[in-house]
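Structure first, then comments.
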Amino acid sequence: MPPAEPSAEPDAVPADHGTADRSGSSADGSTGVEDTLDLEITEELLALIAEGRSAGAARAGAPGELLGDPGAWPPSATAAGEFALLPVRPERDLAVVSRWMNDPAVAAFWELAGPESVTADHLRPQLEGDGRSIPCLGVLDGTPMSYWEIYRADLDPLARHYPARPHDTGVHLLIGGVNNRGRGVGTTLLRAVADLVLDNLPRCGRVVAEPDLRNTPSVSAFLSAGFRFSAEVDLPDKRAALMIRDRTYRAQL
């Protein structure tokens with residue numbers, strides 16, 4: 018959730034309509050001068066405020082209300098084929114997602130190589146959480162070939178590192194098969210998923226992503242898919258390129 022902006026002035030205090038003399042002293046002997054305490058608004062305080070509001074927003078919405086159900090979103094016709102998102106079910110999908118995570122090209126950035134339990138531990142908080150992040154398989158012409166996470170960026174720790182807006186929605190992805198890499202499929206599917214988000218989440222004004230700045234092919238794919246480079250951001254585990262696709266300009270980019 019976006020950090021709260023401190024107001025320019027404190028809330029106005031209603032005037033005291035009691036008796037006061039012209040020197041500024043009230044009938045009870047006070048001088049009429051308020052004691053004030055200067056409070057420094059630090060980044061740490063803003064982060065705490067944002068966390069509190071984020072928690073309140075999550076409590077207010079039942080699971081499924083934050084992002085809806087990507088599995089119910091209509092499939093997208095793309096140049097690569099018919100594409101759809103399918104929410105992950107560990108009993109069905111854990112083995113394939115874990116296999117992808119152990120691909121050296123994927124592991125270099127996701128850092129989830131290892132036994133299936135490593136991937137299971139990554140999926141569990143999302144599957145058992147409040148719906149602010151939904152892990153999905155990307156299915157192209159009926160074949161699972163990519164892994165996606167659709168998440169509420171404004172309710173994510175990422176919101177501490179950029180000027181988030183309410184209902185910003187983020188995407189993480191990996192392309193699972195080497196045959197689908199390096200030939201523009203990633204760009205095609207990124208555009209398709211961004212469009213699915215904007216079409217099915219009407220309150221979302223922007224789709225955001227934060228690929229590792231070192232991952233040049235990924236950054237290039239986002240740019241080709243209509244995202245714009247917004248900033249470099251220092252996250253706890255990487256220096257990232259903040260990529261944004263705006264609803265306002267989706268027809269032009």
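Start counting the sequence shown at 18; every next residue gets the next number (this note's numbering). Cβ coordinates follow ideal geometry from the N, Cα and C atoms, glycine included.
Check for me: the alpha helix (DSSP H) holding residue 160 runs from which residue to which?
Premise fails: residue 160 lies in the beta strand (DSSP E), 160 to 169, not in any alpha helix (DSSP H).
Restricting to Cα atoms, I'd like to know which of 234, 103, 150, 263 is closest to residue 189.
150
What did DSSP end up calling residue 147 once you bin it into helix, strand or coil?
coil
So is the beta-carbon of residue 162 under 7 Å away from any non-hydrogen atom of the ligand ADP?
With respect to small molecules bound, the structure shown includes none, and the ligand ADP cannot be examined in it.
Do the region 164 to 181 and the region 239 to 246 touch if we need at least three Cβ pairs shorter than 8 Å?
These segments do not touch.
Among 130, 168, 135, 117, which one has its Cα closest to the Cα of residue 147?
168
What does DSSP give as the partner residue(s) for residue 134 in the beta ladder?
Paired residue(s): none; residue 134 is not in a bridge.
In whole angstroms, what is the alpha-carbon distance linking residue 131 and residue 115?
Spanning the two alpha carbons is a distance of roughly 8 Å.
Here's the rule: buried if 16 or more other CB atoms are within 10 angstroms of the residue's CB, otherwise exposed. What is residue 216?
exposed
Distance between residue 204 and residue 220 (C-alpha atoms, nearest Å):
24 Å
Within its chain, find whatever has a CB closer than 7 Å to the CB of residue 256; leave out the 5 residues flanking it on each side and keep chain order.
230, 249
Quick one: residues in its chain with C-beta nearer than 8 Å to the C-beta of residue 184, no 5 flanking neighbours on either side, listed in chain order?
169, 171, 218, 220, 221, 222
Which one of 98, 87, 102, 123 has the shortest CA to CA distance from residue 191?
123
Can you name, in chain order, every residue of its own chain whose Cβ lies under 6 Å from the Cβ of residue 165, other than the five neighbours on each side?
153, 155, 190
With a threshold of 16 other CB atoms inside 10 Å of the CB of residue 208, please say whether the residue is buried or exposed.
buried
Local conformation of residue 126 per DSSP, three classes:
In this structure, residue 126 counts as helix in the three-state DSSP scheme.
Is the CB-CB distance between residue 102 and residue 91 below 8 Å?
no
According to the neighbour-count rule (16 or more other Cβ atoms, all chains shown, within 10 Å of its Cβ), is residue 96 buried or exposed?
exposed
Spatial neighbours of residue 111 within its chain, please: C-beta separation below 7 Å, excluding the five flanking residues on both sides.
Result list for residue 111: 133, 136, 137, in chain order.
Buried or exposed by the 16-neighbour rule on C-beta atoms within 10 Å, applied to residue 141
exposed
What residue from 224, 270, 201, 268 has the CA that sits closest to residue 98's CA?
If you compare the alpha carbons of 224, 270, 201, 268 with that of residue 98, the shortest gap goes to 201.
Tell me which residue opens and which closes the beta strand (DSSP E) that residue 263 is part of.
255 to 263
Quick check on the DSSP output: the alpha helix (DSSP H) that includes residue 239 runs from which residue to which?
For residue 239, the uninterrupted alpha helix (DSSP H) run begins and ends at 233 to 241, by DSSP.
Helix, strand or coil for residue 177 per DSSP?
helix
Our contact map puts residue 214 next to residue 186 with C-beta atoms below 8 Å; I'd like the distance itself, whole angstroms only.
5 Å
Tell me the rounded alpha-carbon separation between residue 265 and residue 182.
14 Å
I'd like to know whether the C-beta atoms of residue 179 and residue 259 end up nearer to each other than 8 Å.
yes
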